[in-house]
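Participant:
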Amino acid sequence: MTDAQIKDDAALAAHLAEAAGKILLQVRESGTFTGKALGKAGDKTANEYLIQAIAQQRPDDGLLSEESKDTDERLSRSRVWIIDPVDGTREYGEGRTDWAVHVALAIDGAPVIGTVALPSLDLVLRSDQPISLPDAPGKLRMVVSRTRPAAEAVATAETLNAELIPMGSAGAKAMAVVRGEADIYLHTGGQYEWDNCAPAAVALAHGLHASRIDGSPLIYNQRDVYVPDLLICRKEHADPVFNALAGL
2 MTDAQIKDDA ALAAHLAEAA GKILLQVRES GTFTGKALGK AGDKTANEYL IQAIAQQRPD
62 DGLLSEESKD TDERLSRSRV WIIDPVDGTR EYGEGRTDWA VHVALAIDGA PVIGTVALPS
122 LDLVLRSDQP ISLPDAPGKL RMVVSRTRPA AEAVATAETL NAELIPMGSA GAKAMAVVRG
182 EADIYLHTGG QYEWDNCAPA AVALAHGLHA SRIDGSPLIY NQRDVYVPDL LICRKEHADP
242 VFNALAGL
């Protein structure tokens with residue numbers, strides 16, 4: 002697939018995430034693959050499209066993808082595209098809706114531009130087109146992993162008297178906060194840059210808080226792409242979460 006040239010970075014991120022999402026839905030709906038094989042096929046197909054499109058559209062930029070071999074070349078670049086072709090491969094393979102496509106552009110380490118597509122929900126959330134945050138209900142809601150919620154998140158939820166909402170992929174959980182379906186996404190189990198760069202960019206553009214759990218900023222295009230922890234929440238909940246974590 003060849004795309005026409007798109008000059009605007011944010012428009013490109015949105016186009017790529019949406020197009021990859023459509024490809025993934027086609028792969029799943031073809032019925033050729035199921036389960037883990039479906040996840041692998043989707044990852045491979047979407048990744049091939051994304052890396053080829055980025056190479057065509059932004060040949061001078063760096064690239065970091067979960068599904069491609071990493072090199073040191075990106076470390077010398079100011080602009081680096083950070084992508085996850087299928088965030089939530091398990092959920093995608095199981096036919097669930099809580100999976101995502103991440104396309105982000107980090108500039109000098111900052112998550113400046115990002116798009117998170119939720120293809121099964123026909124939603125594309127963009128850093129350049131923030132939506133209005135709905136009013137939050139009285140009781141706090143915290144999204145956690147549906148299969149292995151972190152002990153720190155569970156304990157923090159107890160301290161804050163927050164309702165736990167199990168959900169699949171990192172992008173789906175982060176976008177639940179952006180969409181007003183949850184108030185807090187706290188993750189302490191470790192991720193990688195591709196898991197949260199696009200979600201962080203979208204969250205920050207929507208006026209939400211996004212940081213490490215010690216309050217330090219999220220910095221991308223590092224040599225070591227492991228990100229130990231993450232907090233995305235409405236700004237008014239950041240300090241209560243930090244205080245609850247400090248008391249554990």
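First residue of the sequence shown? That's 2 in my numbering, and the numbers climb one at a time after it. No residue lacks a Cβ here, since even glycine has one placed at the ideal position from N, Cα and C.
State the beta-bridge partners of Thr1 as determined by DSSP.
Facilitator: Outside the modelled stretch of the chain, which goes from 2 to 249, sits residue 1, for which no answer is possible.
Participant: Between Leu126 and Met176, how many whole angstroms is the CB-CB distance? I'm expecting something under 8 Å.
Facilitator: Between Met176 and Leu126 the Cβ distance is about 6 Å, and since that is below 8 Å, they are a contact.
Participant: At what residues does the beta strand (DSSP E) containing Ala250 begin and finish?
Facilitator: A question about residue 250 goes unanswered here, because the residues of the chain that appear run from 2 up to 249.
Participant: May I ask you to report which of helix, strand or coil DSSP gives Ser217?
Facilitator: DSSP places Ser217 in coil when its eight states are reduced to three.
Participant: Grab the span of the beta strand (DSSP E) containing Val87 for me, first residue to last.
Facilitator: Taken as a continuous stretch (DSSP letters only), the beta strand (DSSP E) holding Val87 covers 80–88.
Participant: Look at Gly94 and Leu51 and say whether their C-beta atoms are less than 8 Å apart.
Facilitator: No, the pair does not count as a contact, with Cβ atoms beyond the cut-off.
Participant: Glu92 to Asn162, Cα distance in whole Å?
Facilitator: Going by the C-alpha atoms only, they are around 28 Å apart.
Participant: For Pro200, does the count of other Cβ atoms within 10 angstroms reach 16, so buried, or fall short, so exposed?
Facilitator: Its Cβ being crowded by 16 or more others within 10 Å, Pro200 is buried.
Participant: Can you give the Cα-Cα distance for Asp44 and Val87, rounded to whole angstroms?
Facilitator: C-alpha separation (whole angstroms): 6 Å.
Participant: In whole angstroms, what is the alpha-carbon distance linking Arg142 and Leu165?
Facilitator: Cα-Cα distance, rounded: 6 Å.
Participant: Taking Asp85 as the reference, which of Gln58, Arg147, Glu19, Gln27 has the closest Cα?
Facilitator: Of Gln58, Arg147, Glu19, Gln27, the residue nearest in Cα terms is Glu19.
Participant: Can you tell me where the alpha helix (DSSP H) holding His16 begins and where it ends?
Facilitator: Per DSSP, His16 belongs to the alpha helix (DSSP H) from 10–30.
Participant: Using CA atoms only, rank isn't needed, just tell me which of Thr160, Ser121, Leu209, His207 is closest to Gly169.
Facilitator: The residue with the shortest Cα to Cα distance from Gly169 is Ser121.
Participant: Less than 6 Å between C-beta atoms, sequence neighbours within five positions excluded: which residues of the same chain meet that for Asp129?
Facilitator: Contacts found: Ala11.
Participant: Which residues bound the beta strand (DSSP E) around Leu232?
Facilitator: Here the beta strand (DSSP E) through Leu232 covers 231–234.
Participant: Under three-state DSSP, which class holds Glu68?
Facilitator: Glu68: coil per DSSP, three-state reduction.
Participant: Does Pro241 have its Cβ less than 8 Å from a Cβ in chain D?
Facilitator: Annotation note: the requested chain D is absent from the structure, which comprises a single protein chain.
Participant: What residue range is occupied by the uninterrupted beta strand (DSSP E) comprising Pro167?
Facilitator: 164–168 is the extent of the beta strand (DSSP E) around Pro167.
Participant: Report buried or exposed for Ser221, applying the criterion of at least 16 other Cβ atoms within 10 angstroms of its Cβ.
Facilitator: For the record, residue 221 in the displayed sequence is Tyr; it is not Ser. When all chains shown are included, Tyr221 counts as buried.
Participant: Evaluate Gln53 with the Cβ neighbour count: other Cβ atoms within 10 Å of its Cβ, from every protein chain shown; 16 or more gives buried, anything less gives exposed.
Facilitator: By the 10 Å Cβ count, Gln53 comes out exposed.
Participant: Using the rule of at least 16 other Cβ atoms within 10 Å of the residue's Cβ for burial, across every protein chain shown, is Ser133 buried or exposed?
Facilitator: Label assigned to Ser133: exposed.
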